[in-house]
Amino acid sequence: MPEQNGHPNGAARELTVVEALREALNQIMAIDERVFVIGEDVGVYGGAFGVSAGLVQAYGADRVIDTPISEAGIAGACIGAALTGMRPVGEIQFMDFVTISMEQLVLQAAKIRFMFGGKATVPMVLRTPAGSGTGAAAQHSESLENWFVHVPGLKVVMPSNAYDAKGLLLSAIQDDNPVIFVEHKLLYKTKAHVPEEMYTIPLSKTNVARQGKHLTVIATSVMVQRALQAADILAGEGIELEVIDPRTLMPLDDAPIIESVIKTGKAMVVHEAVKTGGFGGEIVARIMESEAFGYLEAPVRRVAGLDIPIPYNRTLEMNTVPQVQNIVDEARKLVKGEY
Amino acid sequence: MPEQNGHPNGAARELTVVEALREALNQIMAIDERVFVIGEDVGVYGGAFGVSAGLVQAYGADRVIDTPISEAGIAGACIGAALTGMRPVGEIQFMDFVTISMEQLVLQAAKIRFMFGGKATVPMVLRTPAGSGTGAAAQHSESLENWFVHVPGLKVVMPSNAYDAKGLLLSAIQDDNPVIFVEHKLLYKTKAHVPEEMYTIPLSKTNVARQGKHLTVIATSVMVQRALQAADILAGEGIELEVIDPRTLMPLDDAPIIESVIKTGKAMVVHEAVKTGGFGGEIVARIMESEAFGYLEAPVRRVAGLDIPIPYNRTLEMNTVPQVQNIVDEARKLVKGEY
Amino acid sequence: MVAAVALEELQKRGISAEQAHEMLLKMMLIRSFEEKAEELFALGRVHGTMHLSIGQEASAVGLSTALARNDYLLNTHRGHGHCLAWYGSSPDLMMAEFMGKETGYCRGRGGSMHIANVDTNNLGANGIVGGGLPISVGVGLTIKLRKTDQVAAAVFGDGGANTGAFHESVNMASIWDLPIIYFCENNQYAMSMAFKRAFNIEHVSDRASAYGIIGVTVDGNDLLAVYDVAVEAVARARRGEGPTLIESRTYRWKGHSKSDKQAYRTREEVKEWQEKEPIRRFATFLGMSDEEREALHAQARQRIEESVVFSENSPEPDVADIMEGVYA
Amino acid sequence: MVAAVALEELQKRGISAEQAHEMLLKMMLIRSFEEKAEELFALGRVHGTMHLSIGQEASAVGLSTALARNDYLLNTHRGHGHCLAWYGSSPDLMMAEFMGKETGYCRGRGGSMHIANVDTNNLGANGIVGGGLPISVGVGLTIKLRKTDQVAAAVFGDGGANTGAFHESVNMASIWDLPIIYFCENNQYAMSMAFKRAFNIEHVSDRASAYGIIGVTVDGNDLLAVYDVAVEAVARARRGEGPTLIESRTYRWKGHSKSDKQAYRTREEVKEWQEKEPIRRFATFLGMSDEEREALHAQARQRIEESVVFSENSPEPDVADIMEGVYA
Ligand SMILES: Cc1ncc(C[n+]2csc(CCOP(=O)(O)OP(=O)(O)O)c2C)c(N)n1
Ligand SMILES: Cc1ncc(C[n+]2csc(CCOP(=O)(O)OP(=O)(O)O)c2C)c(N)n1
Ligand SMILES: [Mg+2]
Ligand SMILES: [Mg+2]
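Protein chains in written order, with this note's numbering: chain C, 1 to 339; chain R, 1001 to 1339; chain B, 2001 to 2328; chain P, 3001 to 3328.
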């Protein structure tokens, strides 16, 4: 399977993130019998967001398994199968519900290899839709990726577009470690060019999504798209943002971030998750601890979710997490030396 | 109940952390019928670490409740009781097992007030022993406080000594919000002066544990003790550490930290939890975003746990988390301008 | 006018004709609320999602009628019915919440899945399947510690009965004899997962024996039958005899939530259950004519229309207040 | 020498006299390991904690004997016995792990609560009560997908049966007919929590009916009785008839872990159970004299002494390797 890292040219077949993920699952299931899909309503229903639509018809109910409402059980089923040679892809219907799987994911999946002296592998992927913006309120809008970043033994992947989604999912399934694969709901229907053939995008390889010289913007998931939009807007003012998408948050390939900050002298982190205790702090600290510290011309800023649960009301909800305009405003201030 | 913030002088009655916590529980249960204790083996056994010893004899099995092994149930029992007017103090036997309570703590306890339009309160405390150093290996040594710091609606308290432990626990029980109260196992038998009368130490009030001028060391829990020891050692070399103990990690009172860094120009964060995705990043970012940024003479450093599960072997275990010597070494380098 | 047979049945239970009409009206109010909710959603006037309880109205009204005003309710994501049926509930404040308005029960912060009114002991709907069950244990403890004779009702679905939370909670309630009604609305599906596929047993209530408590299955579309088993369970709980597991067998007519192609079930099955419709059934039992029934139902619809007007005239939350209500 | 009655009983089961002696020896090996573990701990030569299975040896040996070499084992925190009884287990590598040595099963990283040997399908002890149960579901799925006739045994305690993990797992195993033996060692206590206080039922096995599977309670101190019910359950599982819930009634003689004042039980109770001792019981059944039994037991002790020597001569892990084994 070819490993790709830039978006290839050529005929632009566009797929949504949902379609890209589904294609990845379809293709890998066709050639690797060890791969199966398990989760709530992943069968005939096709998954709450449609990612697994059609799979049960293609591969049967033994390999596309509808479960009872048992999130600890789903995680455990993945771990046990992985430990005995399969490559399960579990789905937790909303990221909020990983709160029910944490014991299995954190105390078992992440630690089994280490606790067993490096003599076991747990090659599983747990896919889960995250984020707000759909009016689903506080218990269906969580962005909990930094919890997993804080757990050695897990890998954390967050694609920001359809092209990456397919290549990263194929990498994750072929990785020998437990991977938490976080999909933003608002990205599901966004389109990008996606090659038909199977390809992988390596994990732990940070992507420079847009080059620029005035400010380094490290963004994750849907915020990459918003940062790119902000960059378009600011380009009109002569401000050039360099937008960096880590794609894999843990283990983090931070070298491109450091390099970029050395170049621009200024940095900003953008994520949807609650600011306090979030991934932004990790990025700030990495920059601080690196060579880039000496090049910083302004403090690194965090643009992130407010420290509140996600409200139901649409206007409140919008105002809880960074929008394009917030990124534009903060970036402009940073570049203009207002911090 | 008097509110105290410095360690009072006078006859030094010394108690261990276990004794201080027990005294707090005893005293509040005697005067407030709403307070009850619930958890595994909190009754006749006295709690896995002895904190609740004697309580069931004093207050009966209705108010000191032994539970089955049901960590989600324990958390839920606290929430439901709190929501209906009681002030439960739950115990999760090891912090690792909060992984089983996360749904209740994060999606319910933390969010109920907000989701209900600010019209409900959940005044509960969840006590739990954290940390390594006892040879209990990867599933009994977690330091997961930053997960909770990342959850608006929760308060996170981590005492570093017996005096604070008593005053903070009494504050936590009287607070109208859900409080995660994290006790380090290695602190349990450490002693400090503890007044006999009831007193509170306000939550969200950062403590300057030792004054110094060369380097600000922000440390949490057992690392406060280690930082103080490091400060003693370095004092002999003419290096004066200012040791700061946030005590409440969320909501964080960061003003004393910022002030201190403005004074010293250098800062270091020390915690036991895994470095990546940890609380250290939050502190680094807070300093970065504050006025103190302009005063920084060196990058802020994080001294924290390695990115691995806690190993069983005693030597490996010791080497996984910061020891006094690590703090001394890093502090010396920072002060001497080696970063 | 109530038929003589019905009157006798009602009298046995101490229910007056007037109360019976109120119960019927409540079911109609629920039906009307749900239909309006669906309409508003389709019109794009409400966002997010919703879980409609059309077809399950007898469960909600039967249960709440068996409880007293100062008992407690813990509700689910499919909770409009139980909420409306609860003591002192205002359709206005519910609709306003559903429409995300500042005047709503939760100031527009909660929405459909989180409607609560703690002042009346309505401890809230819950977006998490099984999420209210552990909380019920704590409510039971409060009652026990205060030595009142209150009861808590914890509602959940068939899907909820497969969560670990169910197991831990019911066991704790049982060993401590807590006054809790575990009320399972088995509407045959958890989203697309058929009850028969998710369980290897005939009845959810078969699980009661795993905790040494009484379990009972009831026709959830028969208002008085639900009422009867609930009354018995409540009495047991008040006597200090601990929890009961009630399985109310019913059916959801609509899709699981806003977008559901319902590929997992047949139209015939839906139709079959629609014939077991609870509202008409109770009206017929009471001996009402179609006209009488329709007149009452029109009242209900009217009340819901008023709630929409109320909500539309209500202000949106102010963004300036966004940080409010996180901490007390 | 085996008594005639015993011989007959063994023959019925296809167990040779030699195999019976091996089973007995295994129980003795477990007892000796545990006694040595306790001693090493008391001497400060081991740190951390440990959970001794003295008194429960028949459970471990009865279960493993009923399983085949390529079946799977999921074990608990009180897992020394099951681990030693498992196919191909080395007391040396176990003791080395217990002593935190590089030669141990987990290179000294796991310790008492995490001993595993995935190469032999021993999928490990588990520090989390109930933690292995969800994992068993996945092992069952692997077997089902591969269409082998393997079986997985998931061991847990009475305490484990009250975790949400138990409920979710057994239900999943049941609805999918997974070949899993849910083997509950009911040793009467979960730490200080008596079985009678934590359950409102007579037998853990009463819970089987909540999942539509067979449940059986057996005298866990009677080696052949444990073996018999396990054999039946294993056969059912291999025939594709799904999981069985076995409750093995036994008793732990020692405190829960290193420090336990045991205020929650009486000396008399302990003594009573000690009289139901499984090792002597099986030896007597086999018709062994005290001397014969002692001679065999001495062999076991000797083997454990050797494991200590092996461990003492083994190197400590190298701190330079500390980051190894987190990621594959
Ligand atoms: C823990 C959890 N898992 C999954 C979901 C998503 N979800 C919401 S409702 C539902 C089905 C619930 O089925 P049931 O309990 O039978 O209630 P019903 O919807 O039929 O009323 C699912 C899977 C959730 N909200 N919470
Ligand atoms: C989820 C979880 N909760 C609590 C503990 C602490 N703990 C370890 S063993 C134990 C008792 C377990 O009882 P049981 O399942 O009956 O097994 P036994 O120890 O009796 O063999 C407890 C409470 C744990 N390890 N995991
Ligand atoms: Mg249902
Ligand atoms: Mg036990």
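Where is the CB? At the ideal position from N, CA and C, for every residue including glycine.
Residues with their Cβ less than 6 Å from any non-hydrogen atom of ligand 3, running along the chain, are Gly2157/B, Asp2158/B, Gly2159/B, Asn2187/B, Tyr2189/B, Ala2190/B. Across the structure, Gln2299/B and Glu2277/B are spaced so that their CA atoms are roughly 19 Å apart. Taking the beta carbon of Ile327/C as reference, no residue of chain R falls within 9 Å; the closest one sits roughly 16 Å away.
Per DSSP, the continuous alpha helix (DSSP H) segment holding Asn326/C begins and ends at 324 to 335. At a cut-off of 7 Å, the C-beta of Ala81/C has a neighbouring C-beta in chain P. Residue nearest to Tyr2189/B within the set Asn2117/B, Gly2159/B, Gly2164/B is Gly2159/B (criterion: CA-CA distance). In the structure shown, the three-state DSSP call for Thr264/C is helix. When beta bridges are read from the DSSP output, Ala2190/B appears opposite Met2193/B. In the structure shown, His3077/P adopts coil according to DSSP, grouped into three states. Annotation: Ile218/C has no Cβ neighbours in chain B at a cutoff of 8 Å; minimum Cβ distance is about 26 Å.
By alpha-carbon distance to Ser101/C, the top candidate from Tyr295/C, Leu249/C, Ala77/C, Thr121/C is Ala77/C.
For Asp1164/R, the uninterrupted alpha helix (DSSP H) run begins and ends at 1162 to 1174, by DSSP.
Taking 8 Å as the upper bound for CB-CB distance, Arg3252/P and Asn3187/P are in contact here, some 4 Å apart. For the options Glu33/C, Asp253/C, Asp41/C, the alpha carbon positioned closest to that of Tyr2264/B is the one of Asp41/C. The beta-carbon separation of Val2151/B and Ile2175/B, rounded to 18 Å, does not stay under the 8 Å limit for a contact. Across the structure, Glu33/C and Met223/C are spaced so that their CA atoms are roughly 35 Å apart. Here Ile31/C is exposed. Its C-beta has fewer than 16 other C-beta atoms within 10 Å.
DSSP places Met2023/B in the uninterrupted alpha helix (DSSP H) bounded by 2017 to 2042. For Met250/C, the enclosing beta strand (DSSP E) covers residues 248 to 250. When C-beta distances to chain B are compared with 9 Å, every residue of the segment 273 to 298 of chain C stays at or above that value.
The C-alpha of Ile173/C is placed about 40 Å away from the C-alpha of Arg1113/R. Taking non-hydrogen atoms of ligand 1 into account, the C-beta of Glu142/C is found less than 6 Å away from none of them.
Shortest gap from the CB of His3077/P to any heavy atom of ligand 2: under 6 Å. Three or more beta-carbon pairs separated by less than 8 Å link the segment 137 to 148 of chain C to the segment 89 to 98 of chain C, which places the two stretches in contact. For secondary structure counted as the beta strand (DSSP E) over 3 or more consecutive residues, the segment 1121 to 1166 of chain R holds these complete runs in sequence order: 1125 to 1130, 1155 to 1157. Between ligand 2 and the CB of Glu3057/P, the shortest heavy atom gap is not smaller than 6 Å. Residue state for Lys1191/R is assigned as strand, using DSSP reduced to three classes. Residue range 1222 to 1235 is occupied by the alpha helix (DSSP H) that includes Ala1235/R, with no beta strand (DSSP E) assigned at that position. When CB distances to chain P are screened at a threshold of 8 Å, the residues of the segment 2171 to 2182 of chain B falling below it are Asn2171, Ser2174, Ile2175, in chain order. Pro68/C has its alpha-carbon roughly 39 Å from the corresponding atom of Arg3013/P. The beta carbons of His3051/P and His3077/P sit closer together than 7 Å.
Within the chosen limit of 6 Å, ligand 1 does not reach the beta carbon of Gln225/C with any heavy atom. Closest in alpha carbon position to Val1056/R, among Asp1253/R, Leu1025/R, Val1106/R, Glu1289/R, is Leu1025/R. Glu183/C has Pro129/C as its beta-bridge partners, per DSSP. Listed by position along chain R, the residues whose Cβ is nearer than 9 Å to that of Ala2190/B form an empty set, because the closest Cβ is around 17 Å away. In the DSSP assignment, Val64/C falls outside any alpha helix (DSSP H) and within the unbroken beta strand (DSSP E) covering 64 to 66.
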